[in-house]
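Working notes, beginning with the structure itself.
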Amino acid sequence: MIGRWRSSALEKNKVKVRRKLREPRFCFQTRSDVDVLDDGYKWRKYGQKVVKNSLHPRSYYRCTHNNCRVKKRVERLSEDCRMVITTYEGRHNHSPCDDSNSSENDGFTSF
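Residue numbers (the UniProt record's numbering): 1 to 111.
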């Protein structure tokens, strides 16, 4: 019985945990009066949340191109509300002007 317990414990230790690889992130700070700057891609807003110690919310966007998994976050710098911080997560698998494969939906806008 003890040998059986040891072997099952060893088998559990051999099981590797698969971790999700993080997409590369790129962050830009820009002085602007508007929150979302035109970067040539089409984005769909999917969320917004309050940021601790900031008067301005953080907005979340996804690229509307089919099979493109790029996301971006847009927020204002708490120390200087004229500065917009845009963080991109992932890399586009299409060119900026190529909107022929974009999802057809009136809810999508180009920023």
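Note that the Cβ used here is the ideal one computed from N, Cα and C, for glycine as well.
As a quick exercise: from the options, pick the residue whose alpha carbon is nearest that of residue i.
| i | options | result |
| --- | --- | --- |
| residue 66 | 36, 37, 41, 82 | 41 |
| residue 55 | 63, 75, 43 | 75 |
| residue 21 | 93, 95, 89 | 89 |
| residue 72 | 30, 46, 31 | 46 |
In the DSSP output, which residue or residues are listed as bridge partners for residue i?
| i | result |
| --- | --- |
| residue 23 | None, per the DSSP bridge assignment. |
| residue 79 | In DSSP, residue 79 forms no bridge with anything. |
| residue 84 | 30, 76 |
| residue 58 | 49 |
Can you tell me whether residue i is helix, strand or coil according to DSSP?
| i | result |
| --- | --- |
| residue 44 | strand |
| residue 97 | coil |
| residue 92 | coil |
Alpha carbon to alpha carbon, what distance is there between residue j and residue i?
| i | j | result |
| --- | --- | --- |
| residue 77 | residue 63 | 23 Å |
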